[in-house]
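Number of protein chains: 2
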Amino acid sequence: MDVSTEKIFTQFKEHSVAEFFKKNRQMLGFSGKVRSLTTIIHEYVTNSLDACEEGGIFPEITVEVKEIEEDKYWVRSSDNGPGIPQKHIGKALGMMLAGTKFHRYVQQRGQQGIGASGSTMFAQITTGKPIKFDSYYDKKRVHGELSVDFQKNEPLMRNAVVEETDGSRHGLIVEGEFAEVKYDRSSFSVYEYIKRTALVNPHAAITLIEPTGEKITFPRSVDMLPPKPREIRPHPLGITTNDLMEFIRSDKESRKIGSSLQNIFSRMSAGKVAELAALCPGVDFERAPKDLQWADAEKIVKAIHSGKDKISWIAPETDAIVPIGKDQVEKSMRSILAPEFMAITERKPKIYKGGVPFVVEAALAWGGNCGRPVADGHNSDIMRFANRAPLLFDAGGCAITEAIKSVEWKRYGIRDFENEKITVLVNLSSVHVPYTGAGKQAVATEEEVVDEVKMAVMEAARDLQRYLHGMTRERVRVERKKAIMRYLKQLSADLAELAGGKAKAADLEKKLLHLIETKYAGKIEEDESGDANIEEEISAEEEKVDE
Amino acid sequence: MDVSTEKIFTQFKEHSVAEFFKKNRQMLGFSGKVRSLTTIIHEYVTNSLDACEEGGIFPEITVEVKEIEEDKYWVRSSDNGPGIPQKHIGKALGMMLAGTKFHRYVQQRGQQGIGASGSTMFAQITTGKPIKFDSYYDKKRVHGELSVDFQKNEPLMRNAVVEETDGSRHGLIVEGEFAEVKYDRSSFSVYEYIKRTALVNPHAAITLIEPTGEKITFPRSVDMLPPKPREIRPHPLGITTNDLMEFIRSDKESRKIGSSLQNIFSRMSAGKVAELAALCPGVDFERAPKDLQWADAEKIVKAIHSGKDKISWIAPETDAIVPIGKDQVEKSMRSILAPEFMAITERKPKIYKGGVPFVVEAALAWGGNCGRPVADGHNSDIMRFANRAPLLFDAGGCAITEAIKSVEWKRYGIRDFENEKITVLVNLSSVHVPYTGAGKQAVATEEEVVDEVKMAVMEAARDLQRYLHGMTRERVRVERKKAIMRYLKQLSADLAELAGGKAKAADLEKKLLHLIETKYAGKIEEDESGDANIEEEISAEEEKVDE
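So the protein sequences, as listed, match chains A and B. Residue numbering for the first sequence is 1 to 547, as defined by our numbering. Residue numbering for the second sequence is 548 to 1094, as defined by our numbering.
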């Protein structure tokens, strides 16, 4: 060994999370000029939508982008949400891992408490400038400038001014200058991001003012706010021992482990606690929550999972999760894709580990403007969403992409999925989406999630398959009829001639046609069918997934 | 609005980075049973290799995995590195974003200060147990138990004992129990991880003891330590304004901006500073470093980039980066793949943004045991490495994968890359690898990195193409000769007969053969060639990438 440990460890240092993400900004989605700009807008728009939802407000959001010089843009995002109070605005926009979202068990687009602070950081490190904020809330307005103190991960506020207002206005405006970014209309752009956001948030009015000055408005197309997501208690199924330990040990309200279980979990009645106790001999449910030991917690978790024959659980609360809804997805997709055929699946909530419920919606659109036009035809298009926020990047490692690609499309009449005029939309709604990274652009390939997405897409694909099969059948029917009609014309003429003018050809034709239509039409259709076989195959595949 | 902002913001909270990663453990690579176990081993092994490198020691690492019950394993990792002193061991293994690696400009496998603490966290949240450590350093030994206080992101040490030793032993042993993990030998497994680590670290001896008790040893195959990576100063090219501001403003040693530039950057002589000053009228290089303003820094950065005709820079220091080396790659790959053909490219260091130098090594092996056997033949195999650590996961979003897939393989005689018996190895060495996530399994698709990997692979592919082309040519030559020989035999016999016994058929044959070989052989080979055209195409493609 040629170096002393002392020398090696003179360099030992601690770092703030802000320094970490400054050095690893690509982890927040700040890599590439186009992507970086989309990431900035993404953070502001998702925050605005979340804030409006929280406040029960129809969102009106305006995003404006202006080019200052090459690769340097000015961005302004404004909403009509509840605004952010003076006391919190510094931390909300200038401190990482702070906010109202991280720890709550409720469906939101943001969930990490990094987003908007990441954009502030990016303004600083690319232009050296703070961002400007202007917040209207209650009967107040606060505006000023904000940056991040990277060493401490703390907000630095400058020139802040608080004013009284008449309370008629509420909302938040953020603006900043960002370099190393670029505006275009590619499939990873701000334009595409906002278009897709509008697609799955028809209750919001979103306006984009492009650097060219062009103003694009995606108007509100429904007059009903989506039901407000409720904060829920976790479901016992799928909970880990560690979760249980943390929940129960930090429960200051309950006096006993038994009552703490009821207090903490959803679907946990006194009866269920008794059933659990019976399955956990040796575990004292009368002890104080703070005294719960790992070994006992482990036994309880095992008992929770001991199977339907021993203990059965009511499915997780569904009203805590707010999917887009079948009608709204259909309306939105029809308007932008004008497909020949559409199928939409809405599935029941499922749980993935940690007792986290989630709902998958899948829509399949075919023909019309579906897919993605390329030089030599059309590619298929996958539109991924999580809690109604578009996922534009990192498609490769995403559970949604993986699930869709694993479908055996040939079984559903799609010979070459990649090159089909088809658009698949999947929206995953959950109180905690398992993102692969802090950039929130891909869903981790948790088995339960992949399986559920696959099932939802297969369900929609089955409808498409019927439609495509019907089309084939219809084509065959039409062709057969044509052939018969040709024969019929000749036969009628011949018969008329044979009858020596006693019957008119036209009358004969009419009678023969009637005969054929009433007596043989059914048979012609039946023998073309093969549905039964195909449906059997599909069921077999679905059973495989279910296992 | 139906909720007051006050109510909304009652939930405003701050969180520690440990809580963040506990909730988002998938971001550290803890998703899926097999992957989670690989991640644990990955963190320990990369730390061991880094530590040995730092100490100038031939690494001897032993990893042992035992099954405790289903999905629950005991893991022990030991090395002969310098050990970690008592003062630092808590933070090194039980605090996120702490360590010797994060801030230093030197090539290391680890670079984030999260790794081993992530494994400690994972032990806690899956089994509720701390990890055990046993560190031998200098003339001391410290052992005990360690966990993470998630709320504070601080280490919790228990039962720590410090003893004096005779100093003959040094190294670190870490062991722990982990649940929600699984051992197998799949392509994402601990086994594969260690095999690949051994492949690119032939100076290390690594032993894996599997749960079955089987002991697999990858012995040290070279007797030379890789050159020790030097800590370097950043190169001015590619530096951002923010980097410059931070570097200069925190320079306590220099009295002027001009001398600070020399102090901070590599390749920055007094002459270069004068050249820069001439390109930045209005910027006062005599001012104190702490007074550098953003606008001036921006001008300096622009001047740095003003092009070769105005200011030219010496390429970045190369000895700070330690690639594997052509010979060692070849030796390793030959021993495990026994390929029919191999080509290896070693390219000069390049820089990506922030003045970060990097070196790409690419190796292409064909035939033999290359590729990945599948049910109906062989798939191609891509082996990705960063600073000699294998990247097993997240292949989809990785710059290396993207670059390799973007090569037009047909041009190089590979008709269907996906289904070829081919293995492509790429190792990216850098003082700062731009990973896409904290799990360090994919390289962000920075343009410079993607282009450079593509160039390196194309260079190797060109050699392969020549070989494959030569094979084709050789086959054609052999067939032609066969055809001529058939004709020759007949002709000789006929001539002999015509000559009425004056000449023997065998003699005639010999003479004719000699005639053909000396006079026509060259022509036969020449007219089969098409090399010139293909090489032109390749050059054209390479120029495109260079632009």
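Note that CB positions come from ideal geometry on N, CA and C, so glycine has one too. These figures come from a predicted structure and were not determined experimentally.
Rounded separation between residue i and residue j - CA only
i	j	result
residue 584(A)	residue 291(A)	Chain A is shown from 1 up to 547; residue 584(A) falls before or after that span and cannot be answered.
residue 186(A)	residue 364(A)	23 Å
residue 590(B)	residue 610(B)	12 Å
residue 867(B)	residue 600(B)	13 Å
residue 158(A)	residue 145(A)	5 Å
residue 462(A)	residue 412(A)	6 Å
residue 669(B)	residue 210(A)	46 Å
residue 228(A)	residue 955(B)	51 Å
residue 394(A)	residue 987(B)	15 Å
residue 917(B)	residue 687(B)	47 Å
residue 765(B)	residue 743(B)	10 Å
residue 486(A)	residue 476(A)	16 Å
residue 962(B)	residue 1001(B)	18 Å
residue 20(A)	residue 151(A)	10 Å
residue 594(B)	residue 663(B)	8 Å
residue 767(B)	residue 754(B)	10 Å
residue 456(A)	residue 661(B)	37 Å
residue 1041(B)	residue 1026(B)	23 Å
residue 489(A)	residue 498(A)	14 Å
residue 1012(B)	residue 177(A)	49 Å
residue 379(A)	residue 373(A)	6 Å
residue 628(B)	residue 606(B)	7 Å
For residue i, the residue or residues it bridges with in DSSP
i	result
residue 206(A)	61(A), 218(A)
residue 126(A)	BP columns for residue 126(A) are empty, so no partner.
residue 134(A)	143(A), 173(A)
residue 377(A)	374(A)
residue 969(B)	913(B)
residue 285(A)	None, per the DSSP bridge assignment.
residue 974(B)	908(B), 932(B)
residue 1034(B)	DSSP lists no partner for residue 1034(B).
residue 837(B)	None, per the DSSP bridge assignment.
residue 14(A)	645(B)
residue 982(B)	990(B)
Closer than 8 Å at the beta carbon, the chain B residues around residue i
i	result
residue 98(A)	559, 560, 561, 562
Where residue i meets chain A, residues with beta-carbon distance less than 7 Å
i	result
residue 928(B)	Result: empty, since nearest Cβ-Cβ is about 17 Å, beyond 7 Å.
residue 981(B)	26
residue 841(B)	128
Proximal residues of chain A, C-beta to C-beta of residue i below 9 Å
i	result
residue 673(B)	240, 241, 242
Residues that residue i contacts on chain B, provided the C-beta gap is smaller than 9 Å
i	result
residue 446(A)	573, 578, 579
Cross-chain neighbours of residue i in chain B, by beta carbon under 7 Å
i	result
residue 394(A)	944
residue 245(A)	675
Segment contact flag, the stretch 751-765 of chain B with the stretch 787-797 of chain B, C-beta cutoff 8 Å, min 3 pairs
no
Given 8 Å, three or more beta-carbon pairs between the stretch 737-756 of chain B and the stretch 567-578 of chain B
no
Could you give the uninterrupted runs of the alpha helix (DSSP H) lying entirely in the stretch 689-760 of chain B, keeping only those of 4 residues or more?
737-747
Extract the residue ranges of the alpha helix (DSSP H) inside the stretch 381-415 of chain A, only unbroken runs of 4 or more that lie entirely within it.
399-406
Can you give, in chain order, each stretch of the beta strand (DSSP E) that sits fully within the stretch 320-351 of chain A and has at least 3 residues?
341-346
Counting beta carbon pairs with one atom in the stretch 266-277 of chain A and one in the stretch 322-331 of chain A, are three or more of them shorter than 8 Å?
no
Do three or more CB pairs link the stretch 423-433 of chain A to the stretch 966-982 of chain B at distances below 8 Å?
no
Count Cβ pairs between the stretch 928-937 of chain B and the stretch 889-901 of chain B that sit closer than 8 Å; are there 3 or more?
no
Decide yes or no for the touch test of the stretch 328-343 of chain A against the stretch 303-315 of chain A: beta carbon pairs closer than 8 Å, at least 3 of them.
no
Three or more C-beta pairs closer than 8 Å, one from the stretch 34-50 of chain A and one from the stretch 176-194 of chain A: is that the case here?
yes
Is it a yes or a no for the stretch 336-346 of chain A touching the stretch 249-265 of chain A, going by three-plus beta-carbon pairs under 8 Å?
no
Would you mind listing the beta strand (DSSP E) stretches within the stretch 619-644 of chain B that are 3+ residues and don't spill past its ends, in chain order?
619-625
Three or more beta-carbon pairs under 8 Å between the stretch 678-686 of chain B and the stretch 626-643 of chain B, yes or no?
yes
Entirely within the stretch 215-269 of chain A and at least 4 residues each: give me those alpha helix (DSSP H) ranges in chain order.
241-249, 257-264
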